[in-house]
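Top to bottom, those sequences are chains A and B.
Take the first sequence: its letters are residues 1 to 268, numbered as in my numbering.
Take the second sequence: its letters are residues 1001 to 1268, numbered as in my numbering.
Where a beta carbon is used, it is the ideal one built from N, C-alpha and C, also for glycine.
Here is the structure we will look at, set down as structure tokens.
There are 2 protein chains.
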Amino acid sequence: MANPMYRQIAEHLREQIEGGELEPGQQLRTEIELREHYGASRNTIRDAIKLLTALGLVETKPGQGTFVVRKMEPYVTTLTGSPKVPTLYGEVDDSAAGHTEGRERLLYSTDPQVEIQKAPASVARLLEIDEGSQIVSRHQKRYIDGTPWSMQTSFYPMGFVLKGADRLIQAGDISIGTMRYLEQTLGLKQVGYRDWITVRTADATETTFFNLPLDGRVGVFEVFMTAYDRTKTPMRLTATVYPTDRNQFIVNVGDVPESVNGSELGPA
Amino acid sequence: MANPMYRQIAEHLREQIEGGELEPGQQLRTEIELREHYGASRNTIRDAIKLLTALGLVETKPGQGTFVVRKMEPYVTTLTGSPKVPTLYGEVDDSAAGHTEGRERLLYSTDPQVEIQKAPASVARLLEIDEGSQIVSRHQKRYIDGTPWSMQTSFYPMGFVLKGADRLIQAGDISIGTMRYLEQTLGLKQVGYRDWITVRTADATETTFFNLPLDGRVGVFEVFMTAYDRTKTPMRLTATVYPTDRNQFIVNVGDVPESVNGSELGPA
DNA sequence: GGGTATTTGTCCGTATGTATT
DNA sequence: AAATACATACGGACAAATACC
């Protein structure tokens, strides 16, 4: 008798989901049917479903019903390799799509959106420059197979542009890569970098772009990469945001096998 | 007029919180007062507060009120260093405690809880052994200054014990460290490791131990570290769980400065 | 395109329970 | 013990989204 009714109902449904009686993608009974089944009011049923939604077990679609969530095949990014692109394991979930078996996954980035800003405190601290000094920011949105994958913003000190790296402030891709471009124009060579990995709730922009539920249930990784030159001076700060529901990371240290064995990652 | 009322109210309160009009730790007006202020029903006010709770902006305490959350000073763990202990930045929030200024933070681990199990699929895959084969698991809970920090479980193939590393199955700490112990007894030397970083919702055990809200709002990092010997054979799998609301990670690659500059990390 | 049935979303009012002060 | 404040639960009404005919 300890637990409130809505939690008991949620627990009962959870057991059915995790026990496999309700399969991923399957529709639950409607709120009205569950109301009669459990002898509770519709609002109590809704509280139970809200709890399951918060736990990421079900999702509700207005006008359609409540469904057991289909787990997404994660994108796995290796942080200790360069460049940082995701290794993709397993198959795309194409149960809803047509005949797409065997296709390659397509990585697509928008053209960089370039702005000149005053450095906010967080950027200034990691770039080791004064707060409020001028910086160049280059922002890109990245998709995999049309699914929003990450949002990335790189920051450079404005001094780089003044010293000759003027293509930094031109919109559009720098085809040879910005790091190589900086080496060629300014002689700046990256000798190391530090990633700082955090998780926070998504803001409004991110919620929209990644198509996340607006209740803040799904957080985002925010990875700050500070690149250092030979003199251990920061030469670039890259902040990348990834939704936690479809991204994982790998860090390799020392001598390790080439790739993660097996085709399937993800929890057992 | 597009947005429902409870979201407009939540938005209004959110602006007050992020604008600093409502300070961390400060109590919001009660549901009854907000009901009169916004001309909505108490249930609608509660919906707004539930949304803010899901976004991690406020917390409710029965019998007391609703409060703006106090951000925790994060524990920062460097994944590319060994051993993996958190670097601690900034001050402990001791506004509620007494005179504790200047004290050191204390790291405490419970004695290992040792079990012999059959390898579940996820463990077998990363240890590259057969599913269902015997493994030794050693589980520890770790605290910083009394605050639950992480739960760690290490898995070793049972063969290690049979070959002479019998202290693996004794409860209690192996003071010289298990890696050194395995090197001394079996000649197994770790030459590298791979960390695999995921985020998922906390289960019931974790929710209890870390004292997380039961609505699944706060997720947990799950870091799987696979250690490899000279022959690139996995010799240990360590799974560590950290709540995302108080943990961050650092990855260093190449030549980087000693420490993160400045005393304060965390969002601007 | 329009209309209707179905299903979830929002909002209200009320009553009672539980935790804290 | 009493007051306060949030938590649970009920029932009802209408809105909005979707699917189907």
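| Based on Cα-Cα distance, which residue from A:Q134, A:R35, A:F160 lies nearest to K118 (chain A)? | To locate residue 118 (chain A), count along the first sequence from 1; it is residue 118. The option with the nearest alpha carbon to K118 (chain A) is A:Q134.
| Y1143 (chain B) versus F1209 (chain B) - alpha carbon distance | In the second sequence, counting from the first residue as 1, residue 1143 (chain B) sits at position 143. In the second sequence, counting from the first residue as 1, residue 1209 (chain B) sits at position 209. Cα to Cα, the separation comes out at about 10 Å.
| At a Cβ threshold of 8 Å, is A48 (chain A) touching chain B? | Counting from one through the first sequence, the residue named residue 48 (chain A) turns up at place 48. Residue-level contact by beta carbon fails for A48 (chain A) and chain B, as no gap is shorter than 8 Å.
| task | Find the residues of chain A that neighbour K1232 (chain B), judging by a C-beta separation of less than 8 Å, and give them in chain order. | result | Residue 1232 (chain B) sits at position 232 when you count from the first residue of the second sequence. Within chain A, the residues near K1232 (chain B) are D255, V256, P257.
| task | Specify whether the stretch 1232-1252 of chain B and the stretch 187-196 of chain A touch according to this definition: at least 3 beta carbon pairs, one from each stretch, less than 8 Å apart. | result | Between the stretch 1232-1252 of chain B and the stretch 187-196 of chain A, the count of C-beta pairs closer than 8 Å reaches three or more; the two stretches touch.
| said: Can you confirm whether G146 (chain A), when its beta carbon is compared against all beta carbons of chain B, has any partner nearer than 8 Å? | reply: As a first step, residue 146 (chain A) is located in the first sequence; it is residue number 146 there, counting from the start. Chain B contact via Cβ: absent.
| field | Enclosing beta strand (DSSP E) for Q170 (chain A) [first to last residue] | value | Sequence index remark: in the first sequence, residue 170 (chain A) carries index 170 (1-based). In the DSSP assignment, Q170 (chain A) falls outside any beta strand (DSSP E) and carries neither an H nor an E.
| task | Mind listing the chain A neighbours of D1111 (chain B)? Cutoff is C-beta to C-beta under 7 Å, in chain order. | result | As a first step, residue 1111 (chain B) is located in the second sequence; it is residue number 111 there, counting from the start. Ordered by position in chain A, no residue passes the 7 Å Cβ test against D1111 (chain B), which lies about 27 Å from the chain.
| T1044 (chain B) - containing alpha helix (DSSP H), residue span | Along the second sequence, read from residue 1 onward, the residue named residue 1044 (chain B) stands at position 44. From DSSP, the alpha helix (DSSP H) with T1044 (chain B) extends over 1042-1054.
| query | What in chain B is Cβ-close to A54 (chain A), meaning under 8 Å? | reply | Residue 54 (chain A) sits at position 54 when you count from the first residue of the first sequence. Ordered by position in chain B, the residues that pass the 8 Å Cβ test against A54 (chain A) are A1054, D1215, G1216, R1217.
| request: Please say whether V1241 (chain B) and M1158 (chain B) have beta carbons closer to each other than 8 Å? | output: For the purposes of this step, residue 1158 (chain B) is taken as residue 158 along the second sequence, with counting starting at 1. For the purposes of this step, residue 1241 (chain B) is taken as residue 241 along the second sequence, with counting starting at 1. Taking 8 Å as the cut-off, the Cβ atoms of M1158 (chain B) and V1241 (chain B) do not count as close.
| field | Within chain A, partners of V1191 (chain B) - CB distance below 7 Å | value | For the purposes of this step, residue 1191 (chain B) is taken as the residue at position 191 of the second sequence. Below the 7 Å Cβ cutoff, chain A contributes G254, D255 as neighbours of V1191 (chain B), in chain order.
| request: With 8 Å as the threshold, decide whether the Cβ of T1080 (chain B) is near any Cβ in chain A. | output: One-based indexing of the second sequence puts residue 1080 (chain B) at position 80. Closer than 8 Å to some Cβ of chain A, the Cβ of T1080 (chain B) qualifies, so yes.
| query | Out of A:L186, A:V256, A:G56, A:K163, which has the shortest C-alpha to C-alpha gap to D245 (chain A)? | reply | For the purposes of this step, residue 245 (chain A) is taken as the residue at position 245 of the first sequence. When the alpha-carbon of D245 (chain A) is set against those of A:L186, A:V256, A:G56, A:K163, the nearest one is in A:G56.
| request: Given a cut-off of 8 Å, decide if I1045 (chain B) and E1031 (chain B) are closer than it, judged by their beta-carbon atoms. | output: Sequence index remark: in the second sequence, residue 1031 (chain B) carries index 31 (1-based). Sequence index remark: in the second sequence, residue 1045 (chain B) carries index 45 (1-based). Result yes, Cβ atoms of E1031 (chain B) and I1045 (chain B) sit closer than 8 Å.
| query | L1051 (chain B) versus chain A: which residues are under 9 Å apart at the beta carbon? | reply | Locating residue 1051 (chain B) in the second sequence gives position 51, counting from the first residue. Correct list: L214, D215, G216.
| task | Determine which residues of the stretch 1200-1212 of chain B have a Cβ less than 8 Å from any Cβ of chain A, and write them out in chain order. | result | Of all residues in the stretch 1200-1212 of chain B, R1200, T1201 have a Cβ within less than 8 Å of some Cβ in chain A.
| field | Inter-stretch contact (C-beta, 8 Å, three-pair minimum) for the stretch 172-186 of chain A and the stretch 209-221 of chain A | value | The stretch 172-186 of chain A vs the stretch 209-221 of chain A: no contact.
| Does any C-beta atom of chain B lie closer than 8 Å to the C-beta of T44 (chain A)? | Within the first sequence, numbered from 1, the residue matching residue 44 (chain A) stands at position 44. No, T44 (chain A) lies away from the interface with chain B (no Cβ there is under 8 Å from its Cβ).
| query | What are the residues that DSSP puts in a beta bridge with H12 (chain A)? | reply | Within the first sequence, the letter at position 12 stands for residue 12 (chain A). According to DSSP, which records beta bridges pairwise, H12 (chain A) is partnered with nothing at all.
| query | Are there three or more Cβ pairs, one per stretch, closer than 8 Å when the stretch 1002-1016 of chain B is compared with the stretch 180-191 of chain A? | reply | No, because fewer than three Cβ pairs between the stretch 1002-1016 of chain B and the stretch 180-191 of chain A fall closer than 8 Å, the two stretches do not touch.
| task | Within the stretch 1138-1204 of chain B, note down every full beta strand (DSSP E) run reaching 3 residues or more, in order along the chain. | result | For the stretch 1138-1204 of chain B, whole beta strand (DSSP E) runs of length 3 or above, ordered along the chain, are 1147-1157, 1190-1201.
| query | Under the DSSP definition of a beta bridge, which residues are partnered with P1243 (chain B)? | reply | For the purposes of this step, residue 1243 (chain B) is taken as residue 243 along the second sequence, with counting starting at 1. In DSSP, P1243 (chain B) forms a bridge with B:V1220.
| request: Assign E115 (chain A) to one of three DSSP states: helix, strand, or coil. | output: The count along the first sequence starts at 1 and reaches residue 115 (chain A) at position 115. Shown here, E115 (chain A) sits in a strand according to DSSP, grouped into three states.
| message | Taking the beta strand (DSSP E) that E1059 (chain B) belongs to, which residues open and close that run? | response | Position 59 of the second sequence, counted from the start, is the residue given in the question as residue 1059 (chain B). Its beta strand (DSSP E) spans residues 1058-1061.
| said: By the three-class DSSP mapping on this structure, what secondary structure does T80 (chain A) have? | reply: In the first sequence, counting from the first residue as 1, residue 80 (chain A) sits at position 80. In the structure shown, the three-state DSSP call for T80 (chain A) is coil.
| request: Kindly say whether T238 (chain A), judged by its beta-carbon, lies nearer than 8 Å to any beta-carbon of chain B. | output: Residue 238 (chain A) sits at position 238 when you count from the first residue of the first sequence. So no, T238 (chain A) is outside the interface.
| Do three or more CB pairs link the stretch 1008-1023 of chain B to the stretch 1033-1052 of chain B at distances below 8 Å? | Enough Cβ pairs lie closer than 8 Å, so yes.
| query | Taking Cβ positions only, does T1244 (chain B) come closer than 8 Å to chain A? | reply | For the purposes of this step, residue 1244 (chain B) is taken as residue 244 along the second sequence, with counting starting at 1. At a cut-off of 8 Å between beta-carbon atoms, T1244 (chain B) makes contact with chain A.
| request: Tell me whether the beta-carbon of A1202 (chain B) lies closer than 8 Å to the beta-carbon of F1224 (chain B). | output: Locating residue 1202 (chain B) in the second sequence gives position 202, counting from the first residue. Locating residue 1224 (chain B) in the second sequence gives position 224, counting from the first residue. In this structure, A1202 (chain B) sits away from F1224 (chain B), with a CB-CB distance that is not shorter than 8 Å.
| request: Step through the CB atoms of chain A and report whether any lies within less than 8 Å of the CB of Y1228 (chain B). | output: Walking along the second sequence from the start, residue 1228 (chain B) turns up at place 228. Yes, its Cβ sits closer than 8 Å to a Cβ of chain A.
| message | Rounding to the nearest angstrom, what Cα-Cα distance links D1145 (chain B) and Y1075 (chain B) in this structure? | response | Position 145 of the second sequence, counted from the first residue, corresponds to residue 1145 (chain B). Position 75 of the second sequence, counted from the first residue, corresponds to residue 1075 (chain B). When rounded, the distance between both Cα atoms is 12 Å.
| task | To the nearest angstrom, report how far apart R1217 (chain B) and G216 (chain A) are at their CA atoms. | result | As a working note, residue 1217 (chain B) is residue 217 in the second sequence. As a working note, residue 216 (chain A) is residue 216 in the first sequence. One Cα belongs to R1217 (chain B), the other to G216 (chain A), and the distance between them is close to 8 Å.
| field | Bridge partner(s) assigned by DSSP for T66 (chain A) | value | Position 66 of the first sequence, counting from 1, holds the residue named residue 66 (chain A). Paired residue(s): A:T60.
| query | From L106 (chain A) to Q1064 (chain B), what distance separates their C-alpha atoms? | reply | Taking the first residue of the first sequence as 1, we reach residue 106 (chain A) at position 106. Taking the first residue of the second sequence as 1, we reach residue 1064 (chain B) at position 64. The alpha-carbon atoms of L106 (chain A) and Q1064 (chain B) are separated by roughly 53 Å.
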